[in-house]
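J.:
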Amino acid sequence: RTMTAYTKESHPREWAIFSSIDTNDDGKVDRDELLTECKSFGRESARDDLANTLDKDGDGLVDFSEFCQGFAAIAAMEAAANFHPGWGGEGCFGLGVAGNVAGHMAQAGMTQDSGKTPANIFAFYCPDPPDSHSDAAGQGKILDKIHTFPVTTNIVEYPRDAGASKVQVEPEMAVFVDVQYAEPDSDGKRLVTGLVPRRVAAFNDCSIRALEGSDKLSEKKNWGAESKGISSRVIEVDSFAPGTLVDRLVMVSYVMRDGIVEKYSQDAPARNYTMFHEPLLAWIVDRINNQRNEDKWDDVGELVRAAGYPPHAWIALGAGTYTAWGEKNYLKERDEAVVIVYDDAKFPNGPDAAQVEALFHDKTAADGIVCVHQTFV
Numbered sequence: 284r285t286m287t288a289y290t291k292e293s294h295p296r297e298w299a300i301f302s303s304i305d306t307n308d309d310g311k312v313d314r315d316e317l318l319t320e321c322k323s324f325g326r327e328s329a330r331d332d333l334a335n336t337l338d339k340d341g342d343g344l345v346d347f348s349e350f351c352q353g354f355a356a357i358a359a360m361e362a363a364a365n366f367h368p369g370w371g372g373e374g375c376f377g378l379g380v381a382g383n384v385a386g387h388m389a390q391a392g393m394t395q396d397s398g399k400t401p402a403n404i405f406a407f408y409c410p411d412p413p414d415s416h417s418d419a420a421g422q423g424k425i426l427d428k429i430h431t432f433p434v435t436t437n438i439v440e441y442p443r444d445a446g447a448s449k450v451q452v453e454p455e456m457a458v459f460v461d462v463q464y465a466e467p468d469s470d471g472k473r474l475v476t477g478l479v480p481r482r483v484a485a486f487n488d489c490s491i492r493a494l495e496g497s498d499k500l501s502e503k504k505n506w507g508a509e510s511k512g513i514s515s516r517v518i519e520v521d522s523f524a525p526g527t528l529v530d531r532l533v534m535v536s537y538v539m540r541d542g543i544v545e546k547y548s549q550d551a552p553a554r555n556y557t558m559f560h561e562p563l564l565a566w567i568v569d570r571i572n573n574q575r576n577e578d579k580w581d582d583v584g585e586l587v588r589a590a591g592y593p594p595h596a597w598i599a600l601g602a603g604t605y606t607a608w609g610e611k612n613y614l615k616e617r618d619e620a621v622v623i624v625y626d627d628a629k630f631p632n633g634p635d636a637a638q639v640e641a642l643f644h645d646k647t648a649a650d651g652i653v654c655v656h657q658t659f660v
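Quick note on our numbering: the sequence shown kicks off at 284 and runs consecutively.
Shown next as structure tokens:
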């Protein structure tokens with residue numbers, strides 16, 4: 284009978300996950316590496332059963348062929364975990380800030396009215412509403428689109444939507460916040476009163492630039508269960524004030540195409556955001572409470588209400604400016620992307636070429652770097 288050949292080219296999804304587990308890059312996954320993967324999904328007790336399922340020849344190691352043949356077991360474990368381990372659970376909203384780096388909006392084919400504030404905010408994930416009958420004040424179409432949890436670590440599912448084209452990585456710094464609310468008013472509505480930052484991650488706010496029939500930005504942000512990326516490692520923060528750690532953080536991204544690494548976006552210090560620090564968080568609070576359903580923007584406050592006033596949110600704070608290569612090259616299937624947030628006190632010139640190459644091979648990043656590496660499949 285014909286033997287199936289299992290290669291990176293024939294099974295890119297499986298390879299992306301296999302290589303992230305194979306931390307010593309020896310082409311085999313051992314039980315310690317499997318335990319690390321199971322722990323990351325809060326399922327360490329599943330290690331032995333998973334190893335027994337995958338290790339077909341009983342030699343204590345899982346090669347790529349065995350991994351592919353038993354991949355359903357890996358997929359089932361990740362599905363059982365339901366959420367990316369670093370996300371923050373079911374009650375965690377996903378928001379983004381549009382136009383928070385000078386020049387980015389124009390490159391993305393949009394316009395910005397003022398250079399003093401970002402353009403607006405958008406939702407890319409709304410937890411399942413506790414009230415299944417809620418349509419978020421007439422925004423049911425958007426709610427249907429963004430209720431699917433889109434965030435992964437290893438994979439981006441290339442959009443299959445009819446009329447979708449021009450896919451780009453958006454390298455961003457995301458902040459995890461506790462959301463504070465006022466007491467309910469007479470109609471049961473609650474305003475957001477504050478956002479308390481807790482940690483920062485590298486975030487791939489991957490986006491469709493052209494989507495036929497779309498009139499909302501959020502529709503181009505979530506096209507299914509594998510359309511965003513976030514780093515597994517995070518940087519703990521206890522302040523968003525000027526002069527603190529957040530002023531040292533810089534975003535950059537790279538794409539590997541046909542084995543060649545290209546710089547996709549320029550190094551973008553967070554301190555150079557159009558708006559940053561506490562004023563940015565205060566502005567986001569205002570937009571949640573006051574942004575209306577008009578033009579390409581959603582009434583985010585109604586989406587938050589429909590989700591039952593989630594206690595936490597990840598907020599992607601804005602993307603960097605593309606390089607000349609990044610501006611003219613949209614993503615293709617089999618491309619790989621790495622989005623990096625680094626501490627420029629530790630890396631004044633950013634990670635060097637060897638360090639970037641290592642991140643494409645899922646090597647553990649040096650202290651002062653968090654990243655997400657994804658393959659488009």
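The C-beta atom is built at its ideal place from N, Cα and C for all residues, glycine as well.
Run through DSSP, which three-state label would C654 get?
T.: In the sequence shown, the residue the question calls residue 654 occupies position 371. It is a strand residue.
J.: Below 8 Å on the Cβ atoms is my contact criterion, and I expect F432 with D581 to pass it. Report the Cβ-Cβ distance as a whole number of Å.
T.: On the sequence shown, position 149 is the one that residue 432 refers to. On the sequence shown, position 298 is the one that residue 581 refers to. F432 to D581, Cβ: 18 Å. No contact.
J.: Give a yes or no on contact between the segment 587-603 and the segment 613-624, applying the rule of three or more CB pairs nearer than 8 Å.
T.: Touching, no, given that fewer than three Cβ pairs across the two stretches are closer than 8 Å.
J.: Run the CB neighbour count on V479, radius 10 Å, all protein chains shown included, and call it buried at 16 or more, exposed below.
T.: One-based indexing of the sequence shown puts residue 479 at position 196. By the 10 Å Cβ count, V479 comes out exposed.
J.: Give the secondary structure of D396 by DSSP, where H, G and I count as helix, E and B as strand, and everything else as coil.
T.: Within the sequence shown, residue 396 is the residue found at index 113, counting from 1. Low confidence applies to D396: its pLDDT is 44, below 50, so where it sits in the model is not reliable enough to give any reading.
J.: Could you tell me which residues DSSP puts in a beta bridge with N487?
T.: Residue numbering aside, residue 487 sits at position 204 when the sequence shown is read from its first letter. According to DSSP, which records beta bridges pairwise, N487 is partnered with P454, G512.
J.: CB-CB under 6 Å to K646, same chain, minus the five flanking residues each way: which ones, in chain order?
T.: The residue labelled residue 646 in the question sits at position 363 within the sequence shown. For K646, where only same-chain residues beyond five positions count, there are no Cβ hits under 6 Å.
J.: Looking at the structure shown, is V621 part of a helix, part of a strand, or coil, going by DSSP?
T.: What you label residue 621 is simply residue 338 of the sequence shown in a count that begins at 1. It is a strand residue.
J.: Under the rule that 16 or more other beta-carbon atoms within 10 Å means buried, what is N437, buried or exposed?
T.: The residue you call residue 437 lines up with position 154 of the sequence shown. Per the 10 Å Cβ criterion, buried.
J.: What's the C-alpha gap between Y547 and C409?
T.: Numbered from its first residue, the sequence shown carries residue 547 at position 264. Numbered from its first residue, the sequence shown carries residue 409 at position 126. Looking at the two C-alpha atoms, the distance is approximately 29 Å.
J.: On the CB-based measure, 16 or more other CB atoms within 10 Å of its CB, does E292 come out buried or exposed?
T.: Working through the sequence shown from its first residue, we reach residue 292 at position 9. By the 10 Å Cβ count, E292 comes out exposed.
J.: In whole angstroms, give me the CA-to-CA distance for Q352 and T287.
T.: Residue numbering aside, residue 352 sits at position 69 when the sequence shown is read from its first letter. Residue numbering aside, residue 287 sits at position 4 when the sequence shown is read from its first letter. Q352 and T287: Cα-Cα distance of roughly 10 Å.
J.: Y537: which of P442, V452, V653, L426 sits nearest, CA to CA?
T.: As a working mapping, residue 537 is identified with position 254 in the sequence shown. Selected option, being the one with the closest Cα: V452.
J.: Kindly give me the distance between the Cβ atoms of D444 and W506, rounded to whole angstroms, as I take these residues to be in contact under 8 Å.
T.: Here the question's residue 444 lines up with position 161 in the sequence shown. Here the question's residue 506 lines up with position 223 in the sequence shown. Confirmed, about 6 Å.
J.: For a quick check, are the C-beta atoms of I491 and P442 less than 8 Å apart?
T.: If you number the sequence shown from 1, residue 491 lands on position 208. If you number the sequence shown from 1, residue 442 lands on position 159. Cβ distance < 8 Å, so I491 and P442 count as in contact.
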